[in-house]
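Counted from 1, the sequence shown has number 189 at position 189 by my numbering; the numbering is strictly sequential.
Glycine is no exception: its CB is placed at the ideal position from the N, C-alpha and C atoms.
These numbers come from a predicted model, not from an experiment.
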Amino acid sequence: MEKTNASFIEPIREVNLHSSKWDVGRGLKKVQFMLESFFIKKGFLLLIVGFLLGRALILAKLTPFCLPFFASVYLIKRDRAPLALIGLTAGAATISLGNAAFTFIVTILFLAVFRISRKWLTNEMKAMPFFVGIILGLGKLAEAFILTKQLTVYDLMMVGVQASLSFILTLIFLQSIPLLTLNKRRQLLKTEEIVCLIIMLASIMTGTIGWKVYDLSIEHIMSRYLVLVFSFIAGATVGSTVGVVTGLIFSLASVSSFYHMSLLAFSGVLGGLLKEGKKIGVSAGLMIATLLIGMYGEGGGSILLTVLESTAAIFLFFITPQVFTSRLAKYIPGTPEYTAEQQKYMRKMRDVTAQRVSQFSSVFHALSKSFSQMEVQPDDNENDREMDYFMSNVTERTCQTCFKKEQCWAKNFNTTYAYMEEIIHEMDQNDGNVSPRLSREWDKHCTRSKKVFETIGQELTFFQANQRLKKQVQESRKLVADQLLGVSEVMENFAKEIQRERENHHKQEELIMEALQDFGIHIEQVEIYSLEQGNVDIEMSVPFCNGHGECEKLIAPMLSDILGETIVVNKEECASYPSGFCHVTFRSSKAYTVETGVAHAAKDGGLVSGDSYSTIELGLGKYAIAISDGMGNGERAHYESKETLLLLQKILQSGIEEKVAIKSVNSILSLRTTDEIFSTLDLAMIDLKDASAKFLKIGSTPSFIKRGNKIIKIQASNLPMGILQEFDVDVVSEQLKAGDLLIMMSDGVFEGPKHVENYDLWMKRKVQELQTDDPQEVADLIMEEVIRSRSGLIEDDMTVTVAKIKHNTPKWASIPVYRKNA
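Rendered as structure tokens:
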């Protein structure tokens with residue numbers, strides 16, 4: 001029974017524990033919301049800040065803080081300006097009633113002048129510091145003259161100093177007050193905003209000068225607490241900056257606090273350096289600085305007091321919630337939280353961009369789907385309707401005025417309709433001719449038979465043209481659908497590429513840099529974008545090597561050993577001057593390489609050939625070889641073939657599939673001109689990862705693969721490009737091997753040999769008899785054999801391209817890197 005009760009009680013205890021934690025968390029959030037609402041939304045924080053700035057002094061007598069603070073609040077948060085004025089007046093009253101009266105009067109004067117002048121101001125923000133400096137300067141001049149009845153050089157100098165300070169402080173407060181008034185800040189802080197915030201906080205703390213608790217100085221405790229917080233958040237740089245700025249402002253406010261600047265700066269540096277020790281390390285930095293500076297500058301009695309003040313600051317630092325420091329760290333450059341916030345923003349922008357690209361891809365896909373929905377095949381009713389329309393057009397021109405209309409169509413409708421239907425069918429099938437039998441029968445039936453035959457022939461011409469037009473529209477729609485689908489796929493792949501984040505490889509970057517520098521190679525910077533096997537992508541900045549090839553001969557072999565795969569120099573931008581840096585990109589080498597050779601000759605030894613060829617290095621490890629033969633010879637043929645290859649190259653490089661690319665080029669060529677100018681295309685796409693190849697032949701001659709003594713013929717039958725708007729592209733796939741020779745040629749070479757009946761057998765025999773595997777030598781030998789068979793005459797444009805497939809053997813062996821034992 002006890003066990004049963006315990007089994008029931010434990011879950012209840014857990015639920016109560018979770019609910020109590022939930023209640024505590026909810027309570028803390030409620031308290032935080034109430035405090036933020038009271039101090040920030042309702043503006044009572046400005047009241048407190050105004051009170052402290054109202055009693056802040058510089059050089060024990062200057063009060064340059066009041067008017068700049070009020071003017072900035074009035075410009076940024078006008079509805080909270082009365083609270084700021086009350087706080088400033090109350091703070092000034094703690095110094096003297098005369099000071100409070102001067103603060104109130106100069107503020108009212110500022111309001112009057114500024115409101116009158118607003119009509120002529122184009123930019124209030126830029127004009128505000130000038131208004132504040134001039135009005136405060138005039139006010140101080142008037143005050144000095146009323147009190148002393150004369151103006152000395154010293155008075156003028158102090159007025160100038162105070163007016164200048166008020167000008168600068170207005171600029172600072174305009175930057176920093178939004179940080180106190182905005183509850184939810186989305187933008188990250190700039191460096192100048194951080195400095196302005198530090199100056200403002202230090203200025204506020206000068207209002208606590210003279211306040212003591214058990215002989216402990218409040219301004220010392222708060223200034224050290226401020227240094228602790230910033231050192232803990234942002235490290236030594238920001239910590240020492242906060243210490244120097246705060247100490248400088250305190251020393252201006254009270255000369256006796258001059259040594260305090262050294263203590264704050266030193267504690268900021270030490271605390272930032274010991275930041276890795278968390279709050280304990282930062283606190284230890286403050287305590288060490290306190291002891292060292294205290295022993296150096298003060299007597300034994302003061303050391304104890306200084307240590308107690310530092311202890312109080314450390315106590316405040318330890319009770320500061322982690323939420324506060326983490327939230328503040330998000331806005332300070334250089335902190336991990338700031339970097340995470342930036343990455344979060346960049347990730348958000350990347351996702352939004354990828355989403356938009358994906359949406360565009362969906363739009364193109366929907367358009368493609370819409371275009372690809374071909375028209376429904378006409379049913380019997382629609383065919384009958386078309387036949388009725390056809391006959392009505394014919395009878396309108398023939399039978400309508402005939403005297404036998406009633407006899408043919410009223411009494412013998414079925415017979416007349418059947419005869420005309422048969423005539424239309426036979427004329428459609430036999431190019432406008434009708435069989436003698438049907439012609440005789442129709443002559444007996446109709447008195448205007450000849451007129452009917454002519455009219456049906458004319459109408460049939462229009463009908464057939466209309467049908468061809470419909471078919472062309474359907475074919476064009478299908479081509480557009482394929483093109484839109486290709487664009488959709490490219491954009492979808494692009495969206496996926498955008499979403500692939502650059503991985504964080506700081507550790508690997510340091511290891512690579514250390515290994516190379518230990519070897520004696522100076523590296524300025526290493527950026528790793530990918531370490532995926534077979535897809536390594538590394539960028540480096542290396543000193544100018546004066547053409548000695550350090551990247552190819554040393555760095556790439558060392559990276560090959562470090563990463564365990566062959567790395568090569570993909571791109572190198574050399575420095576333009578000796579003291580500069582070269583930017584180098586290293587990538588994984590491909591499994592295969594292609595070595596090419598080309599032999600080219602124009603008709604009759606001319607300079608301009610109608611053949612064009614191209615070897616295209618595409619992305620994603622693909623290599624394309626293409627030959628295009630324009631119809632005829634000379635300039636026009638050369639232009640057509642060159643344009644064909646240029647269009648194909650651009651479309652292929654965009655990432656669109658090969659078949660869609662060729663159809664797009666064909667569509668452009670067929671629509672671009674009404675002249676009968678056609679081009680052939682012979683395209684081979686070789687994948688350098690596995691040596692697989694795709695052959696696309698449009699009106700071109702066969703290609704041959706020489707593998708040892710074996711000859712493989714690659715052939716496809718398609719019409720040249722530009723003849724038909726719609727055609728099927730036959731893709732022939734073949735697996736190539738290392739050592740294979742791929743031989744592609746134009747018709748001037750394949751059909752060039754004289755007195756040869758079977759061009760295939762002749763070319764196979766010549767290729768088989770080759771004693772060399774050098775691509776350029778093979779191309780030259782084939783060209784020479786063809787020209788020799790013609791007795792030295794070149795009767796057509798001739799092009800031969802030869803590609804040799806080779807295993808990618810690195811030029812330089814990998815250099816072993818001796819790694820240090822961990």
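Taking all protein chains in view, the Cβ of G739 is surrounded by fewer than 16 other Cβ atoms within 10 Å, so the residue is classified as exposed. Cβ contact annotation for L531 (same chain, cutoff 6 angstroms, sequence separation greater than five): none. Taking V363 as reference, the option from Q429, L681 and E492 with the minimal CA-CA separation is E492. The alpha carbon of H220 has as its nearest neighbour, out of T63, F360, A163 and A253, the alpha carbon of A253. Restricting attention to F453, L174 and T89, the CA atom closest to the CA of R78 is found in L174. Taking all protein chains in view, the Cβ of A693 is crowded by 16 or more other Cβ atoms within 10 Å, so the residue is classified as buried. Taking a cut-off of 8 angstroms for Cβ pairs, the stretch 193 to 209 and the stretch 238 to 249 touch, as three or more such pairs fall below it. Residue pairing by DSSP places V480 opposite no residue, since no beta bridge is assigned to it.
Annotated three-state conformation of K754 is coil, per DSSP. DSSP places H445 inside the alpha helix (DSSP H), whose first and last residues are P436 to H445.
Between K119 and A81, the alpha-carbon positions lie close to 21 angstroms from each other.
Annotation: T94 to S217 spans about 18 angstroms, alpha carbon to alpha carbon. Secondary structure of R587 (DSSP, three-state): strand. Within a 10 Å sphere around the beta-carbon of K411 sit fewer than 16 other beta-carbons, which makes this residue exposed.
The shortest C-alpha to C-alpha distance from F230 to any of K571, G54, T325 and R790 is the one to T325.
Closest option to R587, judged by alpha-carbon separation, among L273, I146, G621 and K806: G621. H807 counts as exposed, since fewer than 16 other beta carbons sit within 10 angstroms of its beta carbon. In the three-state DSSP reduction, K404 falls in the coil class, being neither helix nor strand. Annotation: the continuous beta strand (DSSP E) that includes T799 extends over M798 to H807.
Looking at the backbone, the Cα of K330 and that of E193 are separated by about 14 angstroms. By the C-beta criterion, the stretch 622 to 631 is judged to be in contact with the stretch 679 to 687, since at least 3 inter-stretch pairs fall below 8 angstroms. When DSSP states are grouped into helix, strand and coil, F695 belongs to the strand group. Cβ neighbours of E527 within its own chain (closer than 8 angstroms, five residues either side excluded): E509, I538, E539 and M540. Taken through DSSP and simplified to helix, strand or coil, H600 comes out as strand. Collapsing the DSSP output to three states places P64 in coil. Counted as a single uninterrupted DSSP element, the beta strand (DSSP E) harbouring E572 occupies residues I567 to E573. Under the three-pair Cβ rule at 8 angstroms, the stretch 698 to 711 counts as touching the stretch 741 to 750. Remark: C-beta atoms of P543 and F581 approach each other more closely than 8 angstroms. With contact defined as three or more Cβ pairs closer than 8 angstroms, the stretch 395 to 407 and the stretch 463 to 482 are not in contact.
Taking one beta carbon from each stretch, the stretch 83 to 94 and the stretch 102 to 115 have 3 or more pairs nearer than 8 angstroms; the two touch. The C-beta distance from D797 to G605 rounds to 11 angstroms, too long to meet the 8 angstroms contact threshold. Listed in chain order, the non-local C-beta contacts of I794 below 7 angstroms within the same chain comprise A601, K603, D604, G605 and I787, local neighbours out to five positions each way being set aside. Take F750, set aside five residues on each side of it, and the residues of its chain with a beta-carbon closer than 8 angstroms to its own are T701, P702, Y759 and M763, in chain order. DSSP places Y529 in no alpha helix (DSSP H) but in the uninterrupted beta strand (DSSP E) bounded by Q525 to S530. V817 sits in coil when the DSSP states are folded into three classes, being neither helix nor strand. Burial is judged here by how many other beta carbons sit within 10 angstroms of a residue's own beta carbon; R440 has fewer than 16 and is exposed.
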